[in-house]
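Asker: Before anything else, here's the structure in question.
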Amino acid sequence: MGNTTTLSDNPRVSNPANTNGSKSGLPPATSPKSDLMGLQSLRPDDHFHSYPEYFVERRHEECIRCLVCVRQCPYDCTYYDPDRDVVYNVHQNCVNCKRCVAMCPTHCIRIERFDSGFRDNGHWGTHLVRGLRKQADTGGVLLTGLGNDLPYPSYFDRIVLDASQVTNPSIDPLREPMELRTYLGRKPESYRPGSPGEVFPNILCEIPVLFAPMSFGAISYNFQHGLALAAQEMGTYFNTGEGGLHPDFRKFRDSVIVQVASGRFGVDPDYLLSSAACEIKIGQGAKPGIGGHLPGEKVNAEISRTRMIPVGTDALSPAPQHDIYSIEDLRLLIYAIKEATEYTRPVSVKIAAVHNTAAIVSGIVRAGADIVVIDGFRGGTGAAPMIIRDHVGIPVEVALAQADQRLREEGIRHQASIIAAGGIRNSADVVKAIALGADAVYIATSAMIAVGCTLCQQCHRGLCAWGITTNRPDLLPRLPADQAAGRLTGLLRGWQHEIQEMLGLMGLNSIESLRGNRLKLRGVGLTQLELQTLGIRQAGL
Amino acid sequence: MKRVYPVEERCINCHLCEVACIVSHSRTKTALGAYQVEKLSFNWVRPHALDPAVALAEGTPLPLNRCRVDVQGSVFISTSCRHCQEPDCVKACKNGSLYLDEVGRVLLREDHCVGCWMCLMACRYGAIERNPYVKNVPGQESNGINHHCDLCRDRSHPACVSICPTQALVYEERGSS
Ligand code: SF4
Ligand code: SF4
Ligand code: SF4
Ligand code: SF4
Ligand code: SF4
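Quick look at the structure:
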């Protein structure tokens, strides 16, 4: 991506010693702006266009000068002035990650919007003006993390669930069995008792929620370890993303889906065999059609070992897989992996949700994929150009509904399972996605929020204040793997109960009966064409 | 006996253990009371306040945490008294101010200590600090009294262990030390 920059990094105020502290443990006392005597620079080449976005309000009368906030802020925003004996902030560096707010022992910090933004304008939103000014300062592509944050309408929020009343009984999941087990992979053509026919490798999920691909490097060692522990505990799977599988995590081979992406980082026969399933990554919902980028400064010794690349080199994965230019080429790779793993594992293919997803999915299934992942435009990323994250791709709800419909019409729905990904926020989204035709869902942002993420969208900078998307040694311990695993397990257990409740109230006793059961869904506030695209009926009918 | 053990790889250098230590040994037992009314503070803040005459005269904060976070690059560790089974400090103390109590804690008789610093020199862990603001020998120029972790003797559970956000301090039985 060459020349890249971000909305909030500002070379004028940087003090790398900040979080490391000095030998005595006392953060450096010098002001970051000492060269300017605390004054704002007005030189145009000096970021004079970067107005602060957030204001760190500290009630000084309740501040005990413990400097916890100073040490915890990784964004060069919080400083201590020993002469005045005050803690103060360089407001334009604040990204509203809320780490200081959470850690302050007297709760005396509050983050506010700095001001009203630019003059109200229905066309030129403040975020657009900020982006333009930043870009003119630096001449770079604006990078960001996480998923599309623009207020596009959400179909999940315009779909409601049915419930049983009088004419059909609801089921109480606390008193009666309720099955959430899901098998992912190709199913037999037909079933006759006594002669099962050809049986294909499937993976068993105790809950139809899997952890989405997140690579070691994009996320921290500890977070990936936490995902692995939680997946093992809950009988589901985590996914390596394109970053390879660290030797320490090969012991989780029964709980991991290993990815083969265009960069082929860390791929060898042992990698493919250290898995429950293998996945070919074609695209990612957050950045359909472009490759991955792990900046060289994030590639430390462990990441270099796992990805099999030299320390400090940029890990750039190409936009397409250069050996896949057609469905026939894809078939070759699918079968190469099946051969390498001796047909013992399902092979998944992951694509971003785009305009003709249904036809593409049909081709992928015919090419031999056992699982197809459709990743919608709300899906997150460790780093992507903001312009692409915010404007490319389509919602997973429509892509999923269309793909499921197409596979049914063609009589090949049983040949592959579908995983829906990209912006699943709660158990109701899971239920709606399954009723729209998914077998299971992937979650990533929800899992990050569960372990502390505050959606500050700075993942690409590798400074995550919560220790989730960083591998800097001083930030890494902020998320211990066992704490992460405990919180992720808690999240999945909560969803498990909620999904069981929702199935029960619809009069269903297994997740199987919900899959593609669009009669359980109704649309509110959707047009005729939207209802038709989703394959659901209008509420009230 | 249960002791406090640091887990180096979990420490995030937040220094909340020091905050909790100070508050739990304060009179008011609240953060604002300890820091603002009693003027307690950390031993890494304002080195000039270490001169007790100046500090007492000016009312500047008294740096009195008993655990302290040692920082070396990106390695952090919160250290405090090990409560040794055969404590060198107790052996070295010439007037019996330091003693092993019935459960095995090494404690101080605060009104006995004359600030001779034999304990400070004997402790192989460097776990003893000086509290220069208490004087048992009137008129004497220097000194103050011994200051070290008492495992929060007023509490059921050490405060540093309770507050640590990443469980980088554990309070457990590990046999002899
Ligand atoms: S820790 Fe986060 S919220 Fe607090 S000042 Fe720093 S950037 Fe802002
Ligand atoms: S963490 Fe809170 S009390 Fe401590 S220095 Fe910062 S604002 Fe003050
Ligand atoms: S993972 Fe970290 S950097 Fe990324 S949005 Fe969440 S808190 Fe911010
Ligand atoms: S409270 Fe815990 S994590 Fe924070 S400095 Fe103390 S030992 Fe380390
Ligand atoms: S002060 Fe030092 S010698 Fe005495 S008990 Fe504590 S660690 Fe042991």
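Line order of the protein sequences matches chains D and E. Each residue of the first sequence is one higher than the last, beginning at 3 in my numbering. Each residue of the second sequence is one higher than the last, beginning at 11 in my numbering. Each residue gets a CB set at the ideal place from its N, CA and C atoms; glycine is no exception.
Which residues of chain B have a Cβ atom closer than 7 Å to the Cβ of Glu64/D, listed in chain order?
Answerer: The structure shown contains no chain B; its protein chains are D and E.
Asker: Who does Val79/E pair with in a DSSP beta bridge?
Answerer: Beta-bridge pairing links Val79/E to Ser88/E.
Asker: Count Cβ pairs between the region 465 to 479 of chain D and the region 231 to 245 of chain D that sit closer than 8 Å; are there 3 or more?
Answerer: In short, these stretches do not touch, since the Cβ pair count stays below three.
Asker: Could you confirm whether any beta carbon from chain D is found closer than 8 Å to the beta carbon of Leu74/E?
Answerer: Not one chain D Cβ lies under 8 Å of Leu74/E.
Asker: Rounded to whole angstroms, what's the CA-CA distance from His158/E to Glu64/D? Just pull it up for me.
Answerer: Each residue's alpha carbon lies about 28 Å from the other.
Asker: Quick check on this structure: which residue in Tyr53/D, Pro84/D, Cys99/D has the alpha carbon closest to the alpha carbon of Phe120/D?
Answerer: Phe120/D has its Cα closest to that of Tyr53/D, out of Tyr53/D, Pro84/D, Cys99/D.
Asker: Using a beta-carbon distance below 8 Å, is Cys68/D in contact with chain E?
Answerer: Yes, Cys68/D counts as interfacial toward chain E.
Asker: What distance in whole Å lies between the Cβ atoms of Ser192/D and Leu481/D, which are believed to be in contact at a cut-off of 8 Å?
Answerer: So it is not a contact: roughly 48 Å between Cβ atoms.
Asker: Helix or strand or just coil, what does DSSP make of Gln177/E?
Answerer: Coil at Gln177/E, not helix or strand.
Asker: For Phe202/D and Cys77/E, I'd like the C-alpha separation in whole angstroms.
Answerer: Each residue's Cα considered, the two are about 60 Å apart.
Asker: How far does the beta strand (DSSP E) with Arg630/D in it extend, from its first residue to its last?
Answerer: Since the first residue of chain D shown is 3 and the last is 543, residue 630/D is not available in this structure.
Asker: Measuring from the CB of Tyr109/E, is there a heavy atom of ligand 5 at a distance below 7 Å?
Answerer: Outside the cutoff, so no.
Asker: What residues of chain D sit near Tyr45/E, judged by a beta carbon separation below 7 Å?
Answerer: Result: Ile66.
Asker: Pairs of beta-carbons, one from the region 224 to 235 of chain D and one from the region 475 to 491 of chain D, closer than 8 Å: are there three or more?
Answerer: Output reads yes: the region 475 to 491 of chain D touches the region 224 to 235 of chain D.
Asker: With a cut-off of 8 Å on the beta carbons, I'd call Thr308/D and Gly265/D a contact; round off their distance for me.
Answerer: Contact flag wrong, Cβ pair sits at about 12 Å.
Asker: Buried or exposed for Gly27/D, please, with buried defined as at least 16 other CB atoms from any protein chain shown within 10 angstroms of its CB.
Answerer: Caution is warranted here: a pLDDT of 43 is assigned to Gly27/D, below 50, making its placement in the model unreliable, and the coordinate value is therefore given only provisionally. Buried, because 16 or more other Cβ atoms sit within 10 Å of the Cβ of Gly27/D.
Asker: Nearest chain D C-beta to Val100/E closer than 8 Å, yes or no?
Answerer: Not an interface residue.
Asker: Measuring CB to CB, does Ala435/D end up less than 8 Å from Leu409/D?
Answerer: Not a contact, by the Cβ cut-off of 8 Å.
Asker: Can you find the residues in the same chain that come closer than 7 Å, C-beta to C-beta, to Val100/E, ignoring five residues on each side of it along the sequence?
Answerer: Excluding positions up to five away in sequence, the list reads Leu108, Tyr109, Leu110, Val116.
Asker: Three or more C-beta pairs under 8 Å: does that hold for the region 77 to 93 of chain D against the region 124 to 132 of chain D?
Answerer: Because the criterion of three Cβ pairs below 8 Å is not met, the region 77 to 93 of chain D and the region 124 to 132 of chain D do not touch.
Asker: For Leu523/D, which residues in the same chain have their Cβ closer than 6 Å to its Cβ, ignoring the five residues on either side in sequence?
Answerer: Only Ile161, Ala437, Ile538 meet the Cβ criterion.
Asker: Quick check on DSSP: helix, strand or coil for Thr7/D?
Answerer: The pLDDT assigned to Thr7/D is 40, lower than 50, so where the model puts this residue is not dependable, and the model offers no usable value.
Asker: Please tell me whether Leu296/D has its Cβ less than 8 Å away from any Cβ of chain E.
Answerer: No - not a single Cβ of chain E is within 8 Å of the one on Leu296/D.
Asker: Does any residue of chain E have a CB that is nearer than 8 Å to the CB of Gln74/D?
Answerer: By this cut-off, Gln74/D is an interface position.
Asker: At a threshold of 7 Å, does Leu113/D count as lining ligand 1 (C-beta to nearest heavy atom)?
Answerer: One point to set straight first is that residue 113/D is Ile, not Leu, in the sequence displayed. Because some heavy atom of ligand 1 lies under 7 Å away, the Cβ of Ile113/D counts as near it: yes.
Asker: Could you give the DSSP three-state label for Glu183/E: helix, strand or coil?
Answerer: In the structure shown, Glu183/E sits in a strand (DSSP, three-state: E or B).
Asker: Give every residue of the same chain whose Cβ lies closer than 6 Å to the Cβ of Glu178/D, excluding the five residues on either side of it in the sequence, and list them in chain order.
Answerer: Cβ within range, chain order: n/a, list empty.
Asker: Under the rule that 16 or more other beta-carbon atoms within 10 Å means buried, what is Tyr154/D, buried or exposed?
Answerer: It is exposed - the Cβ of Tyr154/D has fewer than 16 other Cβ atoms within 10 Å.
Asker: DSSP state of Thr32/D, grouped into three classes?
Answerer: Confidence in Thr32/D is poor, its pLDDT being 42 and thus under 50, which makes the residue's placement too unreliable to answer from.
Asker: Examine chain E for any beta-carbon lying closer than 8 Å to the beta-carbon of Arg480/D, and answer yes or no.
Answerer: Taking Cβ atoms only, chain E reaches closer than 8 Å to Arg480/D, which makes this a yes.
Asker: Can you tell me the Cα-Cα spacing of Cys174/E and Val79/E, whole angstroms?
Answerer: Going from the Cα of Cys174/E to the Cα of Val79/E covers about 12 Å.
Asker: Taking Cβ-Cβ distances below 8 Å as the criterion, which residues of the region 104 to 133 of chain D are in contact with chain E?
Answerer: Going along the region 104 to 133 of chain D in chain order, one finds Met105, Pro107, Thr108 with a Cβ nearer than 8 Å to chain E.
Asker: Kindly list the residues whose CB is nearer than 7 Å to the CB of Pro168/E, restricted to its own chain and excluding five residues on each side of it in sequence; keep chain order.
Answerer: Same-chain partners within the cutoff: Val14, Leu161, Cys162, Tyr181.
Asker: For Arg20/E, return the contacting residues in chain D, with the cut-off set at a CB-CB distance below 8 Å.
Answerer: Per Cβ cutoff of 8 Å: Pro479, Pro482.
Asker: For Val70/D, verify whether its CB is less than 7 Å away from any heavy atom of ligand 2.
Answerer: Yes, Cβ of Val70/D sits closer than 7 Å to a heavy atom of ligand 2.
Asker: Can you give the Cα-Cα distance for Ile305/D and Glu299/D, rounded to whole angstroms?
Answerer: Cα to Cα, Ile305/D sits roughly 11 Å from Glu299/D.
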